[in-house]
Amino acid sequence: MATLAKPTGTTTQVATAVAAVSVAVAAVQPLLLTFDALPTWLQDNAFILTGYRRCLVISTTKVVARRCNALDYSGIIVLTVGSFYPCLRYGFFCDPQFQVIYSIGITVAGLAAAYVVLNPQYATPAYRWARTSVFFVLGACSFVPIATAYHLYGLERMKNEMGVHWIALTSVFYVGGALIYVCRVPERWFPGTFDFFGSSHQIFHVCVVLAALSHYQAVLTGFEYWHGKRHGVCPS
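To convert, note that position 155 of the sequence shown is 155 in the UniProt record's numbering; the numbers rise steadily by one, no gaps.
What follows is the structure, encoded as structure tokens:
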């Protein structure tokens, strides 16, 4: 009982899940048979509707939760890998061989990351750091093409041609948000205070949105340079 009464940082997720289930049940209720619509040979049990439905829902919840977690992790990988392609396109606009090499490389890295994080063994809270480390390593793959571009073109060209300063800001948001999430800051310091608002999970998602906006600005910088200023023509 003491454990159940103790405030935790997952209160928001639990409340959200309960609300979602309630809405889902209310939505499908009109699609289910009423007691009067049942065949007469099933109407001998007054609890048939209130019994089997709850049993089936509870029986499938664990499987659904596991698959939704897998879908969540897959989405993170798709977002991370997909964000590489436009940056590689504009970062190596006039050197397509590097576009191909690094696109293949990040795709393979993404598949390897998916193989690890989609393993059911890593879906438990005990492997929170392991999952986060995989995502960190996947994101760190960006340093290889960035280092190559810096060696070939220099920092000023990278800022103009691929918005590397926006990419750096994107990394700050992603890494900062992930560290806040995995360290459970600030709720670990003030238990119960951030159960509904200001929890690490919420801060993490805000950071993800800010990172996406920053990345969009980076891609827009490259697009405007190559298709606006340069009209898609490489310097001779």
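Cβ atoms here follow ideal geometry from the backbone N, Cα and C, with glycine treated the same way. Since the structure is predicted, the reported quantities are computational estimates derived from the model, not experimental observations.
In angstroms with no decimal places, state the Cα-to-Cα distance between residue i and residue j.
i, j, result
"residue 126", "residue 236", "55 Å"
"residue 226", "residue 130", "39 Å"
"residue 194", "residue 187", "6 Å"
"residue 234", "residue 115", "39 Å"
"residue 181", "residue 61", "25 Å"
"residue 184", "residue 200", "5 Å"
"residue 80", "residue 48", "47 Å"
"residue 157", "residue 95", "14 Å"
"residue 1", "residue 196", "Here the model assigns residue 1 a pLDDT of 40, short of 50, so the residue's position is not dependable, and the following value carries that caveat. Cα-Cα distance, rounded: 21 Å."
Less than 8 Å separating the beta-carbons of residue i and residue j?
i, j, result
"residue 138", "residue 173", "no"
"residue 178", "residue 143", "no"
"residue 167", "residue 113", "no"
"residue 170", "residue 215", "yes"
"residue 84", "residue 101", "no"
Tell me which residue opens and which closes the alpha helix (DSSP H) that residue i is part of.
i, result
"residue 207", "200-223"
"residue 72", "48-91"
"residue 236", "Looking at the DSSP string, residue 236 is not in any alpha helix (DSSP H), and its letter there is neither H nor E."
"residue 43", "Run containing residue 43: none; DSSP gives neither H nor E here."
"residue 35", "Segment: none, residue 35 is in no alpha helix (DSSP H) and carries neither H nor E."
Please tell me whether residue i has its Cβ less than 8 Å away from any Cβ of chain C.
i, result
"residue 102", "Looking at the structure shown, chain C is missing, and only one protein chain is on hand."
Could you tell me whether the region 113-128 touches the region 161-176, where touching means 3 or more Cβ pairs closer than 8 Å?
no
Stretch pair the region 199-218 + the region 65-72: three plus CB contacts closer than 8 Å:
no
Hey, is the region 85-92 in contact with the region 45-64, meaning 3+ C-beta pairs nearer than 8 Å?
no
Segments of 4+ residues assigned as alpha helix (DSSP H) that fall wholly inside the region 123-206
128-140, 143-153, 155-162, 164-183
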